[in-house]
Amino acid sequence: MKSQINALESAIVSGKPIEDTKPLEKSMAEVSIPKGPFRFNAADYLHGASVDIAHSSSSNLNTFFGLDQTNLVLLDRPQPPKDKAWCSNENSPVLTINLSKFIKPVYVSYQHAKWHEQIPNEAPKIYDVVACLDFHCNNWKPLASNCEYSTQSIGTEQFCNITSPVTPIEKVQFRFRENYGDSKMTCVHLVRVYEETQTPVITEKKKDCEKEKICRELKKFYHNSSLDYAVKNTTCSFLYENDCCSDCPECCEECMITEYDTKPIFIFLGTLYVLAFFLFLSPFAPFRPSFLPC
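Counting from 1, one number per residue, gives the positions in the sequence shown under full-length UniProt numbering.
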């Protein structure tokens, strides 16, 4: 085949017609080009996945006053930060995930924040994954059992194969059965649910001048003006959509899933105001101050 290619190059240089290209075409067609499957993480927050809070254990990332950061456990990034973990004090916490689309999962993975020599006590050790067959996950089917996050494996992301055949699903539940010794808390940094595709999932976007300007400005504010940075949109979605992580990795490491929601605070303050009015200021108030005019 090499001689055929050389003949083809000589013909092109000399300008002579190529007498017979069929043998070359046939030889080229017989060359084996491996086409291994590509991975797609259907549990990625940036692709539309979300945590089903109602059917998951309570955690430190789900607070009352509108600062719900639960989906940080689904924010797919090379190294999850240590201080952004989903932590639960339940004995066997569960994490229920609405996937970004219906998939046939082939394996799942868990990735803890970077550790050295010894896995932290709060890290999951043994976990199971089930496919939810209804909205509340009352009916389910096992996908992977006795998955172990181990010091014997290489890398902070470790995989667990799905052995049970499964129809396309849109919801899964991670069940953490055991951690590395912490009796009060299990902390989960990043979970993934993979399917295999024959074509790569293209997520790279062209960075235009406007996006570059936004990222440069955010980086400047992050390092020089915390007040200006605080009033800007610095949610994870915004930073990743504008490809700001290369310009300001610190911004992406500390990003929030949602901006602070002030609505619950206004509701709370409004309730206090109404209550105070009826208790102290209304004509029928039981604690009406005596100095007020009749």
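The beta-carbon is built from N, C-alpha and C at its ideal position, and this holds for glycine as well.
(request) Compute the Euclidean distance between the alpha carbons of tyrosine 194 and alanine 276, then round it to the nearest angstrom. (result) In the sequence shown, the residue the question calls residue 194 occupies position 194. In the sequence shown, the residue the question calls residue 276 occupies position 276. Their Cα atoms are separated by approximately 54 Å.
(request) Output yes or no for whether 8 Å exceeds the beta carbon distance between glutamine 111 and threonine 151. (result) Translated into the one-based positions of the sequence shown, residue 111 becomes position 111. Translated into the one-based positions of the sequence shown, residue 151 becomes position 151. Against a cut-off of 8 Å, the Cβ pair of threonine 151 and glutamine 111 comes out as no contact.
(request) Note down, one range per segment and in chain order, each alpha helix (DSSP H) of at least 4 residues found wholly within the UniProt domain "SUN" (41-198). (result) Runs of the alpha helix (DSSP H) lying entirely within the UniProt domain "SUN" (41-198) and spanning at least 4 residues: none are present.
(request) Would you kindly check if the distance between the Cβ of leucine 72 and the Cβ of lysine 82 is under 8 Å? (result) In the sequence shown, counting from the first residue as 1, residue 82 sits at position 82. In the sequence shown, counting from the first residue as 1, residue 72 sits at position 72. The answer is no: Cβ separation not under 8 Å.
(request) Report all residues from its chain with a CB closer than 7 Å to the CB of arginine 39; omit the five preceding and five following residues, and keep chain order. (result) By one-based count along the sequence shown, residue 39 stands at place 39. Within the same chain, arginine 39 has close Cβ partners Tyr194, Glu196.
(message) Do lysine 211 and aspartate 243 count as a contact pair if the criterion is CB distance below 8 Å?
(response) One-based indexing of the sequence shown puts residue 243 at position 243. One-based indexing of the sequence shown puts residue 211 at position 211. With contacts defined as CB atoms closer than 8 Å, aspartate 243 and lysine 211 qualify as a contacting pair.
(message) Would leucine 143 and valine 172 qualify as a contact pair, given that the criterion is a beta-carbon distance under 8 Å?
(response) As a first step, residue 143 must be located in the sequence shown, where it is residue number 143. As a first step, residue 172 must be located in the sequence shown, where it is residue number 172. Yes, the pair counts as a contact, with Cβ atoms nearer than the cut-off.
(message) Can you look up threonine 234 in the DSSP assignment and give me helix, strand or coil?
(response) Here residue 234 is taken as the residue at index 234 of the sequence shown, counted from 1. DSSP places threonine 234 in coil when its eight states are reduced to three.
(request) Could you tell me whether the Cβ atoms of phenylalanine 176 and proline 124 are closer together than 8 Å? (result) In the sequence shown, residue 176 corresponds to position 176, counting from 1. In the sequence shown, residue 124 corresponds to position 124, counting from 1. A Cβ-Cβ contact shorter than 8 Å links phenylalanine 176 with proline 124.
(request) For cysteine 187, count neighbouring Cβ atoms within 10 angstroms of its own Cβ and tell me buried if that reaches 16, exposed if not. (result) One-based indexing of the sequence shown puts residue 187 at position 187. It counts as buried.
(request) Kindly indicate which residue of Tyr273, Asn179, Glu254 has the alpha-carbon position closest to the one of proline 80. (result) Position 80 of the sequence shown holds residue 80. Cα-wise, what sits closest to proline 80 is Glu254.
(request) Check each candidate in Glu241, Ile119, Phe135, Ser56 and name the one with the smallest Cα separation from residue 295. (result) Outside the displayed span of the chain (1 to 294) sits residue 295, for which this structure offers no information.
(message) Could you give the first and the last residue of the continuous alpha helix (DSSP H) run that contains glutamate 250?
(response) For the purposes of this step, residue 250 is identified with residue 250 of the sequence shown, where counting begins at 1. Counting along the chain, the alpha helix (DSSP H) containing glutamate 250 begins and ends at 249-253.
(request) Measuring alpha carbon to alpha carbon, tell me which of Pro105, Gly270, Pro249 ends up nearest isoleucine 77. (result) Locating residue 77 in the sequence shown gives position 77, counting from the first residue. Checking the displayed sequence, the identity of residue 77 turns out to be arginine instead of isoleucine. Considering only alpha carbons, the answer is Pro249.
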